[in-house]
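Residue numbers (this note's numbering): 4 to 263.
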């Protein structure tokens with residue numbers, strides 16, 4: 004991913020010939036939405052509608068899918084979108100690939116705002132894997148596994164028979180948990196102590212997670228380190244080629260550049 008780092012002029016107010024489309028769904032997207040609104044930059048945010056009760060954004064927001072590639076292209080044309088910032092989840096590969104392809108076809112400036120991935124430190128016991136099926140090769144049968152993967156990963160957990168699985172969810176799904184184990188309801192703990200208390204209560208001896216990066220959900224990794232728990236870490240997928248940045252400030256600088 005090419006990193007773009009032009010200087011940011013605090014007094015700049017780029018006037019674009021059309022609005023910026025912010026593909027949201029992350030903490031970085033929420034911060035960028037606030038910054039765009041504060042700088043009076045014409046923009047609209049889009050949420051895929053996967054997360055229940057998402058945090059409000061500081062921009063006009065549409066929710067739900069676009070109706071496939073054709074629907075997305077039609078939306079860009081109808082709304083006269085001038086530039087796109089893809090600030091979706093690092094594992095939202097389908098959205099990112101489609102966005103990059105259609106933006107290139109239309110000659111639209113397109114930026115990926117992607118927070119840095121987590122890196123193991125002293126005391127971490129990480130096992131990097133490609134996916135949940137790969138985790139089955141390192142997580143032994145009989146293990147009690149805390150899976151911080153999101154509800155869309157539920158079918159993939161079928162690759163871990165013989166383990167007791169706990170899948171964290173913000174709200175209880177409509178269907179019962181289909182494996183040996185249960186849902187764990189609630190948002191990620193704010194501190195390593197909170198996550199460690201949860202792991203101890205459930206008798207967790209493995210953590211399974213994606214390398215999403217960011218501080219908001221890193222407490223579980225600190226708890227695993229403190230408790231000497233092994234972690235099956237699903238590596239990030241390959242992203243489409245194109246410009247990318249890791250901070251909101253750099254994203255704003257990029258917008259200033261496309262507005263010149």
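Just so it is clear, CB atoms sit at the ideal spot from N, CA and C, and this is done for glycine as well.
Taking only the alpha-carbon atoms, compute the straight-line gap between residue i and residue j and give it to the nearest angstrom.
i           : j           : result
residue 175 : residue 154 : 10 Å
residue 237 : residue 114 : 24 Å
residue 104 : residue 74  : 14 Å
residue 162 : residue 136 : 5 Å
residue 13  : residue 37  : In this prediction, residue 13 has a pLDDT of 46, which is less than 50 and means its spatial position is unreliable; what the coordinates show is noted afterwards. So the two alpha carbons sit approximately 15 Å from each other.
residue 194 : residue 240 : 28 Å
residue 186 : residue 217 : 23 Å
residue 15  : residue 250 : Confidence at residue 15 is low in this model, with a pLDDT of 49, below 50, so its placement is unreliable and the value that follows should be read with caution. Their Cα atoms are separated by approximately 18 Å.
residue 149 : residue 261 : 44 Å
residue 47  : residue 147 : 43 Å
residue 49  : residue 122 : 30 Å
residue 206 : residue 79  : 49 Å
residue 166 : residue 68  : 35 Å
residue 173 : residue 143 : 27 Å
residue 4   : residue 124 : Reliability of the predicted coordinates at residue 4 is poor, the pLDDT of 38 falling under 50, and no value is obtained from them.
How far does the beta strand (DSSP E) with residue i in it extend, from its first residue to its last?
i           : result
residue 169 : 167-172
residue 1   : The structure shown does not extend to residue 1, since the chain is modelled only from 4 to 263, so the question has no answer here.
residue 87  : 86-89
residue 23  : 23-26
residue 160 : Neither: residue 160 is in no beta strand (DSSP E) and is coded neither H nor E.
residue 211 : 209-213
residue 146 : It is not in any beta strand (DSSP E) - residue 146 carries neither H nor E in the DSSP assignment.
Determine, using beta carbons only, whether residue i and residue j come nearer to each other than 9 Å.
i           : j           : result
residue 82  : residue 28  : no
residue 183 : residue 170 : no
residue 128 : residue 211 : no
residue 61  : residue 40  : yes
residue 95  : residue 51  : yes
residue 117 : residue 196 : no
residue 35  : residue 86  : no
residue 214 : residue 108 : no
residue 254 : residue 88  : yes
Of the choices the options, whose alpha-carbon is the least far from that of residue i?
i           : options               : result
residue 111 : 34, 24, 207 and 243   : 24
residue 192 : 227, 179 and 165      : 227
residue 71  : 166, 99, 146 and 47   : 99
residue 151 : 97, 235, 119 and 131  : 235
residue 222 : 243, 188, 242 and 198 : 198
residue 76  : 92, 180 and 101       : 101
The alpha helix (DSSP H) spanning residue i covers which residue range?
i           : result
residue 75  : 71-81
residue 137 : 135-138
residue 120 : That residue, residue 120, is in no alpha helix (DSSP H); it is neither H nor E in DSSP.
residue 106 : 96-109
residue 35  : 30-41
Report yes if the C-beta of residue i is less than 8 Å from at least one heavy atom of the ligand FAD; otherwise report no.
i           : result
residue 178 : As far as ligands go, the structure on display features none, and thus does not contain the ligand FAD.
### 3-residue-minimum beta strand (DSSP E) runs that sit fully inside the stretch 183-207, ordered along the chain
Runs of the beta strand (DSSP E) lying entirely within the stretch 183-207 and spanning at least 3 residues, in chain order: 184-188.
### Task
Counting only runs of 4+ residues fully inside the stretch 220-245, write out the alpha helix (DSSP H) ranges in chain order.
Correct list: 222-229.
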